[in-house]
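So for the sequence shown, the numbering used here puts the first residue at 42; every next one is plus one.
In this text, a Cβ means the ideal position worked out from N, Cα and C, and glycines have one as well.
Below is one structure, written out as structure tokens, with a few remarks after it.
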Amino acid sequence: MIKDSNIIIISGPSGAGKSSLCDRLFKQVDNIYFSISSTTRAKRDGEIDGVHYHFISQEEFESGIKNNLFLEWARVHNNYYGTQKIQVDNALKEGKIVLFDVDIQGQESIKGFYPNATSIFITTPNKATLEQRLKSRALDSMESIDTRLSLAYNEMQAIDKFDFIIINDDFDKSFDGFLSIIKSLYFKNSSYCSKNLLATWK
């Protein structure tokens with residue numbers, strides 16, 4: 042039996058600091074498997090297959106959809122993106138904590154497969170702070186920033202679906218909270234834990 046309580050799902054607006062929190066986490070916790078998405082888009086300069094994405098053909102991806110091999114998938118700009126279930130199950134069998142960074146729909150889909158997964162919504166204290174962060178990155182046009190802010194507003198409507206909310210105003214405090222949630226997984230009960238424990242009492 043797979044211990045699906047070892048799954049963390051993070052979601053939240055672009056610019057809220059999810060990647061920065063994860064980067065620090067990877068430096069402090071060894072037993073983390075970051076779920077790598079599969080995609081049909083072309084590999085960009087500097088990208089490594091199996092590190093940034095699993096690059097597969099459209100035929101392979103569509104076959105995986107038909108055979109229910111994906112936990113979640115979407116088609117964006119004529120390219121497929123999705124998470125294969127087998128890689129997650131293999132990591133769980135090895136006793137690793139599996140970390141997902143997905144959108145709201147992805148979170149709901151993964152929860153459907155792994156109901157004991159822990160979900161965390163990471164956001165800024167308000168819209169103005171998010172807008173300032175997006176502008177300071179200097180990665181997006183104003184049109185793109187407006188689109189991201191509109192999407193962020195829609196994402197905020199789903200916060201009650203998450204187990205935890207991190208308001209990333211102070212990065213160090215936010216990381217301490219993030220790390221505390223990760224550490225709590227070692228003590229989180231599940232059918233996997235209780236059945237194994239009860240078996241030792243026979």
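Ile49 sits away from Phe111, with the two beta carbons spaced by 9 Å or more.
According to the DSSP secondary-structure assignment, Gly123 is paired through a beta bridge with Ser79, Trp114. The beta carbons of Ile163 and Leu62 sit closer together than 9 Å. Within the same chain, and ignoring the five residues on either side of Ile222 in sequence, the residues whose Cβ sits closer than 7 Å to its Cβ are Thr159, Ile161, Phe205.
Beyond the five residues adjoining it in sequence on each side, Asp144 comes within less than 7 Å, by CB distance, of Ser52 in the same chain, given in chain order.
Taking C-beta atoms as the reference points, Thr80 and Gly147 fail to come closer than 9 Å.
If you compare the alpha carbons of Lys202, Ile200, Lys176 with that of Leu190, the shortest gap goes to Lys176.
Under the DSSP definition of a beta bridge, Ile48 partners with Val139. In the displayed model, Thr241 falls within coil according to three-state DSSP, outside both helix and strand. Between the region 79 to 99 and the region 179 to 199, the count of C-beta pairs closer than 8 Å stays below three; the two stretches do not touch.
By the neighbour-count criterion, in which 16 or more other beta carbons inside 10 Å mark a residue as buried, Asp71 falls on the exposed side. Setting aside the 5 residues that flank it on each side, Arg174 is surrounded in the same chain by Gly56, each with a C-beta closer than 6 Å to its C-beta; the list follows chain order.
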